[in-house]
Amino acid sequence: MKFDKIKLKWKIFGYILIFTVIIIMVFCFFQIFMLEKMYKSTKTNQVADLFTEIETRIINTNDLNDLRLLNDLQTSATDYETAIYLFNLDGDEIITINNGDYYQKLKDESIFQDIVNKALATSKWKQFYIIFDNNVPAPNKMDYPIIHNAPISSIDTAIISGKFIELNQIRYLLILDSRLTPVAPAIKTLKQQLLYISAIVIILAIIVALLIANIISKPIRIINEDAKQLALGKRNINFNGNGYAEIAELNNTLNYAVAELKKTDELQKELLANISHDLKTPITLISGYAEMMKDLPDEFNADNLQLIIDECNRLNSLVLDLLDLSRLQSKTINFKLVEFNLTDLIKSIVIRNQQFLENTGFVINFKYDMDVFINADYDRIGQVIYNFITNAVNYSKDKKIIDIIQIINDDRVRIIVKDYGIGIKPEEQALIWNRYYRIDKTHNRSNKGTGLGLAIVKEILDFHGFEYGVESKYHEGSSFYFELPYNKKV
Ligand code: ADP
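Each residue of the sequence shown is one higher than the one before, counting from 30 in the working numbering.
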């Protein structure tokens with residue numbers, strides 16, 4: 030089974046399980062393997078602190094028989110689980126605060142005297158350690174010598190350390206005997222506990238994974254079901270699975286997609302109607318006239334033949350536009366990008382249109398400052414300008430003027446095709462670039478367009494990455510434009 034086919038709940042469970050195992054392992058590591066080390070190092074550091082504490086107390090009190098001092102030392106001994114001994118240099122016990130029976134044990138094994146002797150022998154050292162367990166680290170990174178390091182059979186482990194202190198110019202030996210509680214039994218208990226904890230945590234992980242997976246996947250499942258319906262062609266779907274922000278966002282996106290699909294569906298229906306209508310009308314006319322000319326020899330004249338030719342041309346341009354748009358949209362057309370004189374191209378198109386519109390009363394003005402060179406597909410850019418002009422002609426009213434303006438702004442050139450015709454309502458301005466979109470859906474024969482011109486323009490300009498748009502006032506006229514960087518000649 031591929032990883033991306035695994036169900037969400039098992040994935041979440043997997044991740045939670047991995048997370049849990051890591052946590053348990055870290056916990057085990059610290060509790061089982063590090064516990065003893067950490068305990069011992071804490072203890073040795075405590076001993077170091079205790080030395081300072083006791084020394085300060087003794088020196089501050091300045092009386093070794095002071096009851097308050099003895100009381101304080103007793104408290105420290107209890108707090109730190111430590112026995113405190115103070116000797117003079119002759120080996121006489123001055124203070125003994127015996128916390129338990131360690132002292133006796135030490136004495137019994139005649140180790141204590143050995144320690145005292147060794148300590149006295151190394152009196153040049155102010156502080157030293159006697160360690161009964163190899164694993165016990167000396168505090169302060171062994172700044173002081175270890176004068177004895179051997180296990181004592183009757184004592185598990187201990188940190189015994191000593192320090193010389195001075196009181197009224199007399200030196201004393203302070204010895205601290207700090208017990209280490211064996212950690213092995215504690216670790217055993219911990220191991221057992223960890224076993225239970227692991228079991229509980231894994232069960233909890235399964236429950237949490239199932240809950241989380243349900244919360245996350247439920248809305249996804251609902252959306253998926255709706256999306257399947259959408260794919261089957263159902264369009265009255267409202268995605269409303271909720272639960273969290275991402276799903277709400279997905280809903281919005283899908284609802285937007287549904288709205289767009291609905292629009293496309295409608296456009297497609299409209300297109301079929303339009304195309305069938307546009308194809309049928311000229312064909313009916315052509316066959317009608319042909320029949321008539323066949324039956325009535327009088328009607329066989331140049332005018333009627335011209336009518337047939339016009340209708341054939343109309344059919345031809347519709348089919349050509351359709352083919353062109355479909356090839357542009359499927360990106361099967363290669364654009365030939367070359368450098369050419371845009372101003373010249375516009376001039377030639379204007380001249381051709383002027384000749385064509387000679388008897389219609391249309392005036393086309395072209396305003397420009399200088400010749401501009403651009404990199405683009407020569408024929409396609411010509412087609413864009415040609416389409417803009419054709420539309421301007423088709424949608425003009427009484428004022429039959431078309432202004433073409435070339436504006437240079439820094440390194441960009443803008444070409445505007447301006448008419449004073451019917452104009453476009455603001456809400457229609459974004460829609461006219463859609464294929465098959467026509468504002469006037471009545472399809473009267475005076476409307477010469479195919480509804481594809483601007484869609485073709487859009488494809489061409491999008492391909493080039495040029496800016497384009499329309500500024501228009503309803504009933505006042507429209508300015509179609511496109512804008513692009515031009516080549517500066519030095
Ligand atoms: P058509 O072949 O119908 O002109 P186009 O794609 O060229 O198709 O234009 C789409 C629609 O945009 C047109 O049907 C028309 O309603 C509107 N339109 C285009 N150019 C103009 C213009 N200069 N003035 C007003 N409306 C326009």
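All C-beta atoms, glycine included, are put in the ideal place defined by N, C-alpha and C.
Does the beta-carbon distance from residue i to residue j come in below 8 Å?
i: Val-442; j: Tyr-515; result: yes
i: Ile-61; j: Lys-220; result: yes
i: Ile-403; j: Phe-369; result: yes
i: Leu-98; j: Thr-111; result: no
i: Arg-381; j: Ile-489; result: no
i: Phe-495; j: Ile-235; result: no
i: Val-367; j: Tyr-318; result: no
i: Ile-124; j: Tyr-114; result: yes
i: Ile-451; j: Leu-357; result: no
i: Leu-279; j: Ile-252; result: yes
i: Ile-418; j: Ile-378; result: yes
Whole angstroms are fine: how far does the CA of residue j sit from the CA of residue i?
i: Lys-517; j: Asp-373; result: 16 Å
i: Asn-284; j: Phe-395; result: 46 Å
i: Met-63; j: Val-212; result: 11 Å
i: Pro-248; j: Gly-411; result: 52 Å
i: Cys-523; j: Leu-371; result: In the structure as shown, the chain starts at 30 and stops at 519, and residue 523 therefore has no counterpart that could be examined.
i: Lys-170; j: Ile-194; result: Bear in mind that the predicted position of Lys-170 carries a pLDDT of just 44, short of 50, making it unreliable; the figure below should be weighed with that in mind. Straight-line Cα distance between these residues: approximately 21 Å.
i: Val-76; j: Gly-191; result: 10 Å
i: Glu-512; j: Asp-400; result: 15 Å
i: Cys-57; j: Leu-209; result: 22 Å
i: Asp-469; j: Val-348; result: 21 Å
i: Phe-509; j: Ala-331; result: 38 Å
i: Trp-39; j: Pro-214; result: 39 Å
i: Asn-388; j: Asp-324; result: 34 Å
i: Asn-416; j: Asn-463; result: 15 Å
i: Ile-184; j: Phe-80; result: For Ile-184, the pLDDT reaches just 48, beneath the cut-off of 50, and the residue's location in the model is therefore unreliable, leaving the point undetermined.
i: Val-422; j: Asn-281; result: 42 Å
i: Ile-315; j: His-504; result: 35 Å
i: Ile-437; j: Leu-261; result: 52 Å
i: Glu-328; j: Asn-303; result: 31 Å
i: Gly-390; j: Thr-293; result: 39 Å
i: Asp-101; j: Tyr-68; result: 25 Å
i: Ile-226; j: Lys-72; result: 29 Å
i: Asp-353; j: Ser-346; result: 10 Å
i: Phe-492; j: Ile-362; result: 11 Å
i: Glu-320; j: Leu-334; result: 12 Å
Report buried or exposed for residue i, applying the criterion of at least 16 other Cβ atoms within 10 angstroms of its Cβ.
i: Gly-480; result: buried
i: Ile-189; result: buried
i: Asp-92; result: exposed
i: Leu-240; result: exposed
i: Glu-254; result: exposed
i: Ile-51; result: exposed
i: Leu-326; result: Residue identity differs from the one stated: residue 326 is Pro in this sequence, not Leu. Answer is exposed; the Cβ neighbour count stays below 16.
i: Arg-343; result: buried
i: Pro-168; result: Confidence in Pro-168 is poor, its pLDDT being 49 and thus under 50, which makes the residue's placement too unreliable to answer from.
i: Gln-435; result: buried
i: His-306; result: exposed
i: Phe-116; result: buried
i: Ala-286; result: exposed
i: Asn-74; result: exposed
i: Val-392; result: exposed
i: Tyr-424; result: buried
What residue from the options has the CA that sits closest to residue i's CA?
i: Leu-196; options: Leu-99, Ile-468, Tyr-109, Glu-84; result: Glu-84
i: Lys-291; options: Ala-274, Ala-277, Ser-305, Asn-267; result: Asn-267
i: Ile-126; options: Phe-391, Thr-71, Asp-206; result: Asp-206
i: Leu-118; options: Val-50, Arg-200, Gln-358, Lys-323; result: Arg-200
i: Ile-45; options: Arg-97, Leu-233, Ile-88, Asn-94; result: Leu-233
i: Lys-502; options: Ile-453, Tyr-397, Leu-349; result: Ile-453
i: Leu-223; options: Val-55, Ile-304, Asn-100; result: Val-55
i: Ile-35; options: Ala-242, Asn-100, Phe-116; result: Ala-242
i: Gln-142; options: Ile-445, Ile-231, Glu-299, Ile-204; result: Ile-204
i: Ser-246; options: Glu-275, Gly-262, Leu-261, Asn-265; result: Glu-275
i: Ile-312; options: Ile-338, Gln-198, Ile-216; result: Ile-338
i: Asp-432; options: Gly-482, Arg-467, Gln-384, Ser-507; result: Ser-507
i: Ile-466; options: Gln-297, Lys-429, Thr-310; result: What sits at residue 466 in the sequence shown is Tyr, not Ile. The shortest Cα separation from Tyr-466 among Gln-297, Lys-429, Thr-310 belongs to Gln-297.
i: Glu-500; options: Pro-455, Met-322, Lys-426; result: Pro-455
i: Ile-444; options: Lys-429, Gln-458, Tyr-397; result: Tyr-397
i: Ala-459; options: Tyr-449, Lys-447, Val-237, Lys-487; result: Lys-487
In terms of DSSP beta bridges, what is residue i paired with?
i: Pro-455; result: In the DSSP output, where bridge partners are listed per residue, Pro-455 has none listed.
i: Glu-496; result: Glu-512
i: Asp-448; result: Ile-431
i: Val-442; result: Ile-437, Leu-513
i: Asp-466; result: Checking the sequence shown, residue 466 turns out to be Tyr, not Asp. In DSSP, Tyr-466 forms no bridge with anything.
i: Tyr-572; result: Nothing about residue 572 can be reported from this structure: the residues present for the chain run from 30 to 519 only.
i: Leu-524; result: This structure does not reach residue 524, given that the chain is present from 30 up to 519, and the question cannot be answered.
i: Asp-206; result: Ala-112, Ile-189
Check each residue's C-beta against every heavy atom of the ligand FAD and list, in chain order, those closer than 7 Å.
As far as ligands go, the structure on display features the ligand ADP and does not contain the ligand FAD.
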